[in-house]
Each structure stands twice: as structure tokens, then as C-alpha cells.
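Chains Y and L supply the protein sequences, listed in that same order. As numbered in our numbering, residues 27 to 331 make up the first sequence, in order. As numbered in our numbering, residues 27 to 331 make up the second sequence, in order. Data first, discussion second: the structure below is written as C-alpha cells.
Protein chains: 2
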Amino acid sequence: MKFEVTILGSSSATPIFNRNPTSQAININDRLYLVDCGEGTQQQMLRFDIKASRIDHIFISHLHGDHYLGLVGLISSLHLNGRIKPLRIYCPQQLKEIIDLQLNYSETTLQYPVEYVFTNPLKAEILLDNQDITVETIPLNHRISCTGFLFKEKKRLRKLIKEKIEGLEIPVAYYSALKKGADYIMPNGDVLKNDTLTTDSSDPKSFAYCSDTLYDERYFEQIRNVTLLYHEATFLNNMLDRAMETHHTTALQAAEIALTVNAEKLIIGHFSARYKTLTELLDEARSVFPNTELAIEGRTFIIGD
Amino acid sequence: MKFEVTILGSSSATPIFNRNPTSQAININDRLYLVDCGEGTQQQMLRFDIKASRIDHIFISHLHGDHYLGLVGLISSLHLNGRIKPLRIYCPQQLKEIIDLQLNYSETTLQYPVEYVFTNPLKAEILLDNQDITVETIPLNHRISCTGFLFKEKKRLRKLIKEKIEGLEIPVAYYSALKKGADYIMPNGDVLKNDTLTTDSSDPKSFAYCSDTLYDERYFEQIRNVTLLYHEATFLNNMLDRAMETHHTTALQAAEIALTVNAEKLIIGHFSARYKTLTELLDEARSVFPNTELAIEGRTFIIGD
Numbered sequence: 027m028k029f030e031v032t033i034l035g036s037s038s039a040t041p042i043f044n045r046n047p048t049s050q051a052i053n054i055n056d057r058l059y060l061v062d063c064g065e066g067t068q069q070q071m072l073r074f075d076i077k078a079s080r081i082d083h084i085f086i087s088h089l090h091g092d093h094y095l096g097l098v099g100l101i102s103s104l105h106l107n108g109r110i111k112p113l114r115i116y117c118p119q120q121l122k123e124i125i126d127l128q129l130n131y132s133e134t135t136l137q138y139p140v141e142y143v144f145t146n147p148l149k150a151e152i153l154l155d156n157q158d159i160t161v162e163t164i165p166l167n168h169r170i171s172c173t174g175f176l177f178k179e180k181k182r183l184r185k186l187i188k189e190k191i192e193g194l195e196i197p198v199a200y201y202s203a204l205k206k207g208a209d210y211i212m213p214n215g216d217v218l219k220n221d222t223l224t225t226d227s228s229d230p231k232s233f234a235y236c237s238d239t240l241y242d243e244r245y246f247e248q249i250r251n252v253t254l255l256y257h258e259a260t261f262l263n264n265m266l267d268r269a270m271e272t273h274h275t276t277a278l279q280a281a282e283i284a285l286t287v288n289a290e291k292l293i294i295g296h297f298s299a300r301y302k303t304l305t306e307l308l309d310e311a312r313s314v315f316p317n318t319e320l321a322i323e324g325r326t327f328i329i330g331d
Numbered sequence: 027m028k029f030e031v032t033i034l035g036s037s038s039a040t041p042i043f044n045r046n047p048t049s050q051a052i053n054i055n056d057r058l059y060l061v062d063c064g065e066g067t068q069q070q071m072l073r074f075d076i077k078a079s080r081i082d083h084i085f086i087s088h089l090h091g092d093h094y095l096g097l098v099g100l101i102s103s104l105h106l107n108g109r110i111k112p113l114r115i116y117c118p119q120q121l122k123e124i125i126d127l128q129l130n131y132s133e134t135t136l137q138y139p140v141e142y143v144f145t146n147p148l149k150a151e152i153l154l155d156n157q158d159i160t161v162e163t164i165p166l167n168h169r170i171s172c173t174g175f176l177f178k179e180k181k182r183l184r185k186l187i188k189e190k191i192e193g194l195e196i197p198v199a200y201y202s203a204l205k206k207g208a209d210y211i212m213p214n215g216d217v218l219k220n221d222t223l224t225t226d227s228s229d230p231k232s233f234a235y236c237s238d239t240l241y242d243e244r245y246f247e248q249i250r251n252v253t254l255l256y257h258e259a260t261f262l263n264n265m266l267d268r269a270m271e272t273h274h275t276t277a278l279q280a281a282e283i284a285l286t287v288n289a290e291k292l293i294i295g296h297f298s299a300r301y302k303t304l305t306e307l308l309d310e311a312r313s314v315f316p317n318t319e320l321a322i323e324g325r326t327f328i329i330g331d
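Here it is in C-alpha cells:
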């Protein structure tokens with residue numbers, strides 16, 4: 027199953043040329059999920075060939091502008107481009123008021139329904155549960171209410187071992203039972219154990235999106251053993267005081283978190299505009315957690331790769 | 027006196043790669059005035075080296091998102107970058123409510139004052155009158171309340187003819203009277219007429235910003251003899267029906283307006299995303315009004331040039 031994330035924006039609040047505020051597009055089994063939607067996200071989607079019309083679920087972490095100011099424009103464009111199918115937005119409750127006010131004053135009546143699911147910043151909750159994944163909130167510790175999002179693949183069915191199956195004349199109608207783990211009883215009464223006919227599917231993969239937050243152990247347990255951890259790393263660790271004052275994380279801390287929770291891989295992002303180049307941030311994180319990458323805009327990370 | 031306009035965005039509501047929604051920066055005597063502020067305007071200012079910190083006046087024509095969605099981000103960035111001096115915003119009254127709501131929910135208390143001057147869509151009013159210019163609203167005819175803006179240079183003082191003045195031992199303290207048109211009485215009682223000592227300054231120049239609007243004769247008189255007319259031209263004239271339905275103008279109509287009001291030069295912009303290239307729009311306008319240019323992003327037009 028396809029499970030990958032494309033970075034659309036990697037900057038924090040103050041703008042810098044050539045880095046856009048935060049947004050990520052997650053492709054799971056060719057369904058698109060958008061996480062945060064900073065100003066200019068639509069342009070980034072055009073640049074990196076992410077089809078906005080294919081997004082049905084948008085997750086907004088919190089109401090600092092660099093995480094949602096591109097959303098009203100996107101909602102309007104979908105309307106102007108003829109969208110009919112519903113769009114679901116998972117967000118702090120106040121965002122609905124902001125969006126409704128702007129649509130109201132522009133005298134726009136959307137021709138498609140927007141359904142809201144409001145996030146609770148105080149406890150982890152499952153927001154979405156479909157055939158491919160579950161998505162749950164990760165309560166974070168920022169200056170204002172903020173949640174991350176944990177995307178977890180569902181355990182897939184077992185896989186048939188074709189060479190074994192073919193000679194046995196097992197009715198095709200019975201394949202789905204085999205995939206679910208059933209043994210097969212031959213016409214002569216012999217029992218073929220399931221594990222001689224099928225192999226286990228790969229372990230489900232997961233992606234945790236943690237932005238913006240102080241280093242805070244309370245969310246570590248929830249993201250333990252995550253396959254790919256995206257964690258904000260606004261500052262170098264020599265600005266730890268500033269990070270704590272503004273409720274952000276340093277590159278070193280992000281790496282320590284990845285190590286502590288036993289993540290397979292770490293992406294850092296949400297870089298302060300003071301860093302014209304990002305090498306130092308990457309080096310700092312890799313000194314603790316070598317399997318770290320930068321959230322370079324346009325780059326796609328395959329989860330589990 | 028410097029009087030020029032730099033195009034920051036030229037697209038209409040639906041996004042297109044490499045064209046940003048509407049915004050223009052006007053430089054008058056090295057003071058910056060921003061007109062409209064579509065999503066991504068901050069990035070465009072960085073790209074074209076327009077210093078946001080030097081903007082003291084922002085004019086917003088109307089509350090369709092492609093004309094103002096970049097404003098809250100800009101206001102926040104000025105705050106984060108340490109602005110202290112006031113910012114004045116000329117806009118429809120409801121914009122204050124939109125901005126206040128977003129600042130409120132992001133728990134941002136600006137460290138500089140924002141002063142609002144609300145525009146009246148029904149009649150032309152002078153919004154600003156300083157040593158360099160006056161700025162007045164142009165009531166336009168759009169689906170929602172919308173005003174354009176007319177920037178008019180003030181008549182400058184007369185210029186001294188240096189060669190004439192130098193031999194006459196006229197006290198320097200009297201120069202300002204000469205510039206204002208006074209004659210000079212010599213110690214012997216002879217009168218030197220002002221026009222032998224000074225020349226008239228050049229005619230004041232003007233810039234009219236007209237976006238978005240139906241072709242509507244009611245605003246033509248106000249922009250008669252304008253030096254540089256920016257007029258929206260969302261569609262080619264073969265889409266006149268669509269232009270009328272959406273309260274927009276075609277390239278042909280924009281050119282007819284420039285001709286009718288005796289503009290010196292025309293810039294067309296606010297192009298529909300359906301036009302991947304703009305040559306046809308330019309050709310259509312030039313067939314009626316040859317001195318037409320496209321609002322290409324990053325291009326600076328000197329008013330009167």
C-alpha cells in the first residue's frame with residue numbers, strides 16, 4: 027500500500043524567500059490527506075503536482091497563521107473549480123468561525139459541503155478510521171492549543187502463497203478466509219495449516235506529525251516505535267532558551283525524542299527564518315539520531331523506506 | 027519625484043502556477059504603499075526586494091480572497107519582525123473583524139498600532155492627503171462592494187532657473203517665495219517677473235487602480251486624463267458574457283476605457299487562470315489602445331514614463 031508524505035512547506039512564522047510555511051500532503055493508497063495549510067500551499071501543490079481535488083481530509087494542528095492561512099483560499103478554489111464531494115476538516119473549533127466569516131463577507135456559498143471535526147487539545151482521540159488507516163490526535167504543548175496527528179496503517183490481510191495454493195484446487199471463494207488466517211480442510215479431511223498456505227503481511231507502518239511543541243514527555247508514549255516521525259525543530263540547541271520561551275523544539279531535542287521513542291526515521295522541519303541554510307540543523311540532529319532528514323519542500327518520503 | 031508601481035500579483039481567483047493573486051507596491055518619493063494583498067504577497071515582496079517594513083499604508087479594494095488573504099500573515103510578520111510604527115489600512119469595514127478574529131484566536135497582541143480607515147463603496151472620497159499625494163477611492167461595480175484607488179501627485183513648486191538667479195544676488199531666503207510664483211523687486215525698484223526666474227514644474231502625474239469591476243461609465247469621469255491606468259482584464263472579449271456574469275472586464279473593454287478616459291498608458295491584469303499565456307489578451311487590448319502593457323509580476327512601471 028502506498029504510504030508517503032510530500033513536504034509542501036517547511037518554514038516557521040516569519041517568511042523567508044524559497045521556504046513556505048508548513049504543509050504536508052500524505053498519500054495513502056492514492057487518497058490524499060493534507061496536514062496544515064500555511065499561506066501559499068495552493069501554489070506549492072501546483073508546483074509539486076499534488077492534485078487539490080483529490081484531497082478529502084484536511085488536518086489543522088493549531089491557529090497560528092503559518093499553519094492555516096492558506097486554507098480559506100484553498101476552500102474557495104475548490105469551489106470555483108467545481109468541487110461537489112464533501113471536504114472534511116479536522117481542526118480547532120474556532121477555525122470554523124474564521125472560515126465562515128470570510129466566506130460570508132465574500133458572499134460565497136460553497137457548492138460542496140464542508141464537514142468539521144473539532145480536535146480536543148487535551149486528550150488523544152481517533153479522528154478518522156477507514157479501510158486503510160486510523161488517524162488520531164497527539165496533544166502537544168504549544169503557546170495555544172495544538173495537536174499533532176498520528177497516521178497508522180491498518181494491519182493488512184495475510185498473503186496467499188501462490189505456488190502452494192495452485193495445486194490444491196481450493197475454491198476461490200475460500201481465499202478470503204485464508205487471508206484472514208483460516209486453515210483449509212481438504213475434501214479427504216486432511217487439515218492444511220494456514221501458515222503453510224499464506225505469509226503474514228508486513229507490519230503496519232505509522233507516521234507522526236508533531237508541530238508545534240515544547241519538548242514534553244507526555245506525548246512520547248503515544249508515538250513509541252513510530253515508523254516515520256516528523257518533528258518540528260525550529261532552532262539550533264544554542265537557542266534552547268528561545269525555543270522554550272516560544273514553546274518550540276530544537277534540532278537536538280527532536281533527535282533525542284526520535285531516539286527515545288525508537289522511531290525508525292526522523293524528518294525535521296518548521297525552520298526559523300534565521301537559518302538561511304539548514305546544514306547545521308541537520309548535523310545537530312544526526313549527531314544524536316543518524317537517520318534524520320530535512321523537510322525539503324517538494325521531497326517525498328516513503329514511510330518505511 | 028519617484029512615482030512607480032511594481033506588480034506583485036496578476037492572477038484572479040483560481041490559482042495558477044507562476045502567477046500570484048493581486049497585489050501592487052507603489053513607490054512615491056521612496057514611501058511604499060501596498061494595494062491589495064493576495065495570498066503569497068509576502069513571498070512576492072521577498073522575491074522582488076520590496077521591503078515590507080517600509081510600507082505604512084495598505085489599501086484593500088474588496089473582500090474576495092484573492093485581494094486580501096495575504097494580509098493577516100503580513101500583519102503578523104511585521105509584528106514578529108519588531109515593527110513599532112503604526113500601519114494604516116484602508117479597507118471595507120468587515121476586514122477589521124476578520125483580522126481581529128484571527129489575531130485573537132492566535133493570541134497575538136500586536137506591538138504596533140493598526141489604524142483603520144473604512145472605505146465607502148458608494149462615493150469617491152479622499153482617504154489620504156500628504157505632502158506628496160492624495161489618494162481617493164474609485165467606486166467600482168463588482169459582485170460585492172469594491173473600490174479602486176486613485177493616486178494623484180501634488181503640483182510641485184516652480185523650479186529656479188539657476189543661471190538667471192546666480193548673477194542677481196537674490197537673498198537665499200527669498201527662493202521659496204520665487205518657487206511659489208512671486209516676482210522679485212530689485213534693490214533699485216525694478217521688478218523681475220517670476221516667469222523670467224523660474225519654470226513651471228511638470229504636470230502632476232496620476233495612477234488609477236481599477237480592480238475588480240464591470241465596465242461601468244460611472245467611474246470614467248473620475249479617472250479622465252489619468253497618466254497610468256491599471257485596469258483588470260480577466261477575460262478575452264469572446265467571454266464577454268462570462269465577464270458580465272461575474273462582474274469583470276474584458277481586455278477589449280479595458281482598452282476602450284483607457285481610450286475613452288484619455289489615459290496615457292494602460293496596464294492590464296487580474297488574468298483568469300484559463301490563460302496560460304497572455305499574448306492574446308495583450309493583442310486584443312492593443313488593437314484598441316496601443317500603449318498597453320501586461321501586469322507581469324516583478325515588473326516596475328514608472329508613472330509618466
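Positions of the beta carbon are idealized from the N, C-alpha and C atoms, including for glycine. For clarity, every value in this text was computed on a predicted model and none was experimentally measured.
ask   = If the cut is a Cβ gap below 9 Å, which residues of chain L does residue 95/Y touch?
value = 65, 95, 96, 98, 99, 102 and 128
ask   = If you measure beta-carbon to beta-carbon, which residues of the segment 170–201 of chain Y are closer than 8 Å to chain L?
value = 170
ask   = Quick one: does residue 19/L have its CB under 8 Å from some CB of chain Y?
value = Within the shown structure, residues of chain L are numbered from 27 to 331, placing residue 19/L beyond reach of any answer.
query = Given residue 172/Y, which residues of its chain have a CB within under 7 Å of its CB, disregarding the five upstream and five downstream residues?
reply = 87, 88, 147, 166, 238 and 239
message = Tell me which residues share the same chain as residue 71/Y and place their Cβ nearer than 6 Å to its Cβ, disregarding the 5 neighbours each side in the sequence.
response = 78
task = Provide the residue(s) that pair with residue 257/Y in DSSP beta bridges, ordered along the chain.
result = 236/Y and 294/Y
request  = Identify whether residue 133/L lies in helix, strand or coil by the three-state DSSP scheme.
outcome  = coil
Residue 250/L classed as buried or exposed, judged by whether at least 16 other C-beta atoms fall within 10 angstroms = exposed
ask   = The beta strand (DSSP E) spanning residue 142/Y covers which residue range?
value = 140–144
query = So, are the CB atoms of residue 73/Y and residue 43/L less than 8 Å apart?
reply = yes
For residue 169/L and residue 268/L, the rounded distance between their alpha carbons = 13 Å
ask   = Can you find a C-beta in chain Y that's less than 8 Å from the C-beta of residue 227/L?
value = no
request  = Out of 69/Y, 65/Y and 105/Y, state which residue places its alpha-carbon closest to the alpha-carbon of residue 90/Y.
outcome  = 65/Y
ask   = If we call anything under 8 Å between Cβ atoms a contact, is residue 41/Y one with residue 299/Y?
value = yes
request  = Rounded to whole angstroms, what's the CA-CA distance from residue 348/L to residue 131/Y? Just pull it up for me.
outcome  = No statement about residue 348/L is possible, as the shown extent of chain L runs from 27 to 331 and does not include it.
key: Minimum length 4: unbroken alpha helix (DSSP H) runs contained in the segment 81–127 of chain L   = 97–106
request  = Report the neighbours of residue 116/L on chain Y: residues whose CB is nearer than 9 Å to its CB, in chain order.
outcome  = Result: empty, since nearest Cβ-Cβ is about 17 Å, beyond 9 Å.
ask   = Residues in its own chain within less than 8 Å of residue 128/L by CB, not counting five upstream and five downstream?
value = 98
ask   = Can you find a C-beta in chain L that's less than 8 Å from the C-beta of residue 120/Y?
value = yes
request  = Taking residue 41/Y as the query, report the chain L residues whose CB atoms sit under 8 Å from its CB, ordered along the chain.
outcome  = 68, 69, 72, 99 and 103
query = Are residue 292/Y and residue 257/Y touching if we call contact CB-CB under 8 Å?
reply = yes
Supposed contact pair residue 329/L and residue 253/L - C-beta distance, whole angstroms, cut 8 Å = 5 Å
ask   = Name the chain Y residues whose beta carbon is nearer than 7 Å to that of residue 106/L?
value = 39 and 40
key: Neighbourhood of residue 102/Y by C-beta distance below 7 Å, restricted to the same chain and skipping five residues each side   = 134
query = Does any CB atom of chain L fall closer than 8 Å to the CB of residue 123/Y?
reply = yes
inquiry  = What does the Cβ neighbour count give for residue 231/L, buried or exposed, with the cut at 16 atoms within 10 Å?
reply    = buried
key: Cβ contact (3+ pairs, closer than 8 Å) linking the segment 221–228 of chain L and the segment 180–187 of chain L   = yes
request  = Note down, in chain order, every chain Y residue with its Cβ under 8 Å from the Cβ of residue 90/L.
outcome  = 132
query = How many whole angstroms separate the CB atoms of residue 262/Y and residue 306/Y, which I take to be in contact at a CB cut-off of 8 Å?
reply = 6 Å
ask   = Of all the options 321/Y, 34/Y, 45/Y and 81/Y, which has the alpha carbon lying nearest to the alpha carbon of residue 67/Y?
value = 34/Y
ask   = Quick one: what does DSSP say residue 40/Y is sitting in, helix, strand or coil?
value = coil
task = Indicate the three-state DSSP secondary structure (helix, strand or coil) for residue 210/Y in the structure shown.
result = strand
query = Which value, in whole angstroms, describes the spacing of the CA atoms of residue 264/Y and residue 63/Y?
reply = 29 Å
ask   = Over what stretch of residues does the beta strand (DSSP E) that includes residue 308/L continue unbroken?
value = Unbroken run through residue 308/L is the alpha helix (DSSP H), 305–312; no beta strand (DSSP E).
key: Test item: CB-CB of residue 323/Y and residue 278/Y under 8 Å   = no
inquiry  = So, under 8 Å CB-CB, residue 32/Y and residue 326/Y are touching, yes? Tell me the CB distance rounded to an integer number of Å.
reply    = 5 Å
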